[in-house]
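Numbering (mature numbering (1 follows the signal peptide of the UniProt record, and there is no 0)), first residue to last: -19 to -1, 1 to 150.
What follows is the structure, given as C-alpha cells:
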C-alpha cells in the first residue's frame, strides 16, 4: 500500500501544476462584448478580449447555441457593423462549430499596427462570423457585434453591411 501511495503521489502533484501555468499567462484584465445572431442560422454569443502577460491579446469567441459543426471564418473589421465593405483588420481563428469556440492570439493587425489590450476599448471595430469563406454563403452572418468605441451603437440586424473581403494592409 505504501508503495502505491509513493507511486501515485508524483502523478497527483504534477497533474495539479498545469492549471496555475495556464492562469499565469493572463494579467486578469479582460473586456467582453455581445455578439448577436446575424441570420436564421445564427446564434448570439460573446467575444472576450483577454490581456496576456506577454503583451498579446487573446480573442475568445463563444456562441450560446450554435450547433452547426464545421469551421466558420471570423474577421475583426475596422468600423461598425453598418459600414459597407469595412476592411478586415485581421483574420481570427475559425469558429469551430464542434467545440463552440474560436481562440486567437493577436499581437499586431494585418497592417502591422500593434494591437494591445489598452487599445481594445477605443478600437473602431466589429466582429463577424460568416457561414463560408466564399460564395453566396459568405454574406450569411452567423453572429456579429460592434466592439470597442462602437459598442454603444448597438445592434440592428437590418443594418449589417456586407463585408469587404480585403484585408487592410
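Note that beta-carbon positions come from the ideal geometry of N, C-alpha and C, so glycine has one too.
Only residues of its own chain outside the window of five on either side were considered, and among them 43 have a CB closer than 6 Å to the CB of residue 82, listed in chain order.
For residue 133, the secondary structure class from DSSP, reduced to helix, strand or coil, is helix. Looking at 71, 113, 61, 123, the one whose alpha-carbon comes closest to that of residue 96 is 71. DSSP lists 29, 84 as the bridge partner or partners of residue 41. For the pair of segments examined, the segment 105 to 124 was found to touch the segment 15 to 22: the number of CB pairs separated by less than 8 Å reaches three. For residue 12 and residue 66, the gap between their C-alpha atoms comes out near 26 Å.
Nearest in C-alpha terms to residue 28, of all of 103, 85, 89, 14, is 14. Under the three-state reduction of DSSP output, residue 93 falls in the coil class, being neither helix nor strand. The beta carbon of residue 10 lies closer than 8 Å to those of 31, 32, 98 in the same chain, with the five residues before and after it left out. A direct Cα-to-Cα measurement between residue 5 and residue 34 gives close to 8 Å. Cβ neighbours of residue 79 within its own chain (closer than 8 Å, five residues either side excluded): 50, 51.
Beta-bridge pairing by DSSP links residue 126 to 108. Its chain contains 54 as the residues whose beta carbon lies nearer than 7 Å to that of residue 114, once the 5 sequence neighbours on both sides are disregarded; these appear in chain order. Within its own chain, the residues whose Cβ lies closer than 6 Å to the Cβ of residue 41, once the five positions on either side in sequence are excluded, are 29, 84, listed in chain order. Per DSSP, residue 55 is one residue of the beta strand (DSSP E) stretching across 52 to 59. Between the beta-carbon of residue 106 and that of residue 135 there is about 15 Å, and that puts the pair past the 8 Å contact cut. For residue 56 against residue 109, the beta-carbon gap comes to about 5 Å, under 8 Å, which counts as contact.
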